[in-house]
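In UniProt numbering, the protein residues as written are 1 to 427.
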């Protein structure tokens with residue numbers, strides 16, 4: 001079977017709305033730029049508080065990193081909570097840990113409130129240790145989160161093998177706060193919720209200019225404009241054009257995934273039998289999960305669009321055979337790649353470059369929960385002006401030096417590592 005370049009989540013979300021492009025002038029309280037997790041969460045929470053909202057999307061809702069996500073509904077950030085508080089200070093760091101620790105429950109509440117069919121599973125996620133150093137890291141994370149009252153547990157021995165479905169993992173941190181979703185279906189559900197609340201959503205409407213006109217902002221597209229008192233820039237890694245400095249505050253990275261055809265029920269149930277999604281402690285991390293139809297989904301850092309399909313299949317075969325050698329040869333169905341906004345310290349940035357204008361970037365691969373939280377936080381801040389609604393304070397925009405070089409170096413390192421995996425030099 002040839003490996004198709006197609007996003008599985010789009011295939012599994014057939015009822016995606018395809019709204020018309022903006023034409024003419026629209027006047028609203030808030031204009032949201034970008035129809036992904038952040039923008040649509042902001043729109044829904046603004047509309048719930050009585051604001052009139054218009055969302056502009058350059059392509060279709062979920063087109064960017066949101067629809068190409070792995071779909072892990074994780075708590076916290078990549079960085080352990082103690083390091084968060086050390087870096088931001090106890091007051092800010094503890095607030096960020098608290099808000100992102102509760103982030104999965106916010107996602108779950110939106111799914112329940114708006115009856116979003118996104119194949120949500122609430123069994124948690126597994127962070128898998130690939131070696132002794134990784135296990136030590138997970139033990140430290142377990143203790144840090146337990147001190148904060150989080151329901152996490154480090155699984156070892158038979159309990160770990162039963163949870164992961166492999167003998168190749170010595171320890172895995174089970175986070176019962178977390179879960180998995182079809183990210184495109186979740187994004188689509190948020191878009192429908194926003195429209196149902198009276199919001200306006202325009203697809204195929206990339207922004208070409210943003211400027212202040214008196215007491216309002218003018219957000220211009222090729223065929224129309226939006227006049228709004230406030231603006232949320234939520235385009236993140238998919239920011240296009242020179243109308244904003246946002247794209248100069250991160251460097252792009254990529255994450256590819258490969259999905260199998262549906263496995264037999266018996267075979268699928270052996271892989272992560274508890275239904276959790278997982279990722280490992282490798283520096284070039286990999287993710288493993290199943291979808292609702294029993295497909296095996298493998299992913300890793302890197303741009304799959306720049307790799308031939310035979311390379312991606314060889315990589316997927318190597319990972320599958322290492323972790324799940326009991327499976328019969330797996331047929332790989334499709335592959336897709338998403339773009340990630342990276343920052344050097346792996347921390348996001350919130351910006352308010354002018355009154356009534358807010359922006360965010362740098363999720364570093366934690367989009368489902370972080371984007372949902374930031375969207376709500378922006379909505380609360382714009383409605384009441386209280387900076388305590390934000391997970392972290394606003395920062396000054398500081399263009400990142402050598403962003404293009406950083407991206408190239410990261411991608412070269414990822415590709416070398418994956419080549420080593422294919423050649424069985426590393427795993």
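No residue lacks a Cβ here, since even glycine has one placed at the ideal position from N, Cα and C.
Where residue i falls, given that 16 or more other Cβ within 10 Å makes a residue buried
i           : result
residue 425 : exposed
residue 127 : buried
residue 222 : exposed
residue 421 : buried
residue 369 : buried
residue 412 : exposed
residue 405 : exposed
residue 334 : buried
residue 63  : buried
residue 86  : exposed
residue 418 : buried
residue 435 : This structure cannot speak to residue 435, because the chain is shown only from 1 to 427.
residue 198 : exposed
Sequence-distant residues of the same chain with beta carbon closer than 6 angstroms to residue i, five excluded per side
i           : result
residue 410 : 253
residue 357 : 231
residue 348 : 362 and 363
residue 270 : 165
residue 153 : 174
residue 256 : 302, 304 and 337
Residue i vs residue j beta-carbon contact at 7 angstroms
i           : j           : result
residue 187 : residue 66  : yes
residue 3   : residue 307 : no
residue 228 : residue 30  : yes
residue 341 : residue 236 : yes
residue 58  : residue 265 : no
residue 80  : residue 97  : no
residue 61  : residue 35  : yes
residue 414 : residue 274 : no
residue 233 : residue 71  : no
residue 104 : residue 42  : no
residue 124 : residue 276 : yes
residue 258 : residue 332 : yes
residue 38  : residue 385 : no
residue 346 : residue 145 : no
residue 136 : residue 281 : no
residue 268 : residue 294 : yes
residue 220 : residue 212 : no
residue 19  : residue 311 : no
Opposing strand residues paired with residue i [DSSP bridges]
i           : result
residue 32  : 55 and 232
residue 251 : 342
residue 351 : 359
residue 72  : 180
residue 25  : 225
residue 99  : Per DSSP, none; premise fails for residue 99.
residue 45  : Residue 45 pairs with nothing; no bridge assigned.
residue 395 : In DSSP, residue 395 forms no bridge with anything.
residue 125 : 175 and 277
residue 5   : 335
Own chain, CB closer than 8 angstroms to residue i, minus 5 neighbours either side, in chain order
i           : result
residue 200 : 26, 28, 53, 54 and 55
residue 398 : 249
residue 318 : 421, 422, 424 and 427
residue 23  : 223 and 224
residue 150 : 75, 101, 175 and 177
Neighbourhood of residue i by C-beta, 7 angstroms cutoff - its chain only, sequence neighbours within 5 removed
i           : result
residue 122 : 108 and 179
residue 49  : 379 and 383
residue 328 : none
residue 168 : 322 and 323
Cβ-heavy atom distance, residue i to the ligand MG, below 6 angstroms
i           : result
residue 307 : As presented, the structure is devoid of all ligands, the ligand MG included, so that no description of it is given.
Original post:
Can you give, in chain order, each stretch of the alpha helix (DSSP H) that sits fully within the region 158-239 and has at least 4 residues?
Top reply: Scanning the region 158-239 for uninterrupted alpha helix (DSSP H) segments of 4 residues or longer gives 183-196, listed from N- to C-terminal end.
**OP:** Please go through the region 357-381 and give each complete beta strand (DSSP E) segment of 3 or more residues, from N-terminal end onward.
**Re:** 357-361
Subject >> Completely contained alpha helix (DSSP H) runs for the region 256-336, where each covers 4 or more residues >> reply: 265-270 and 309-323
**OP:** With a floor of 3 residues, list each beta strand (DSSP E) that falls wholly inside the region 131-158, ordered by position along the chain.
**Re:** 152-156
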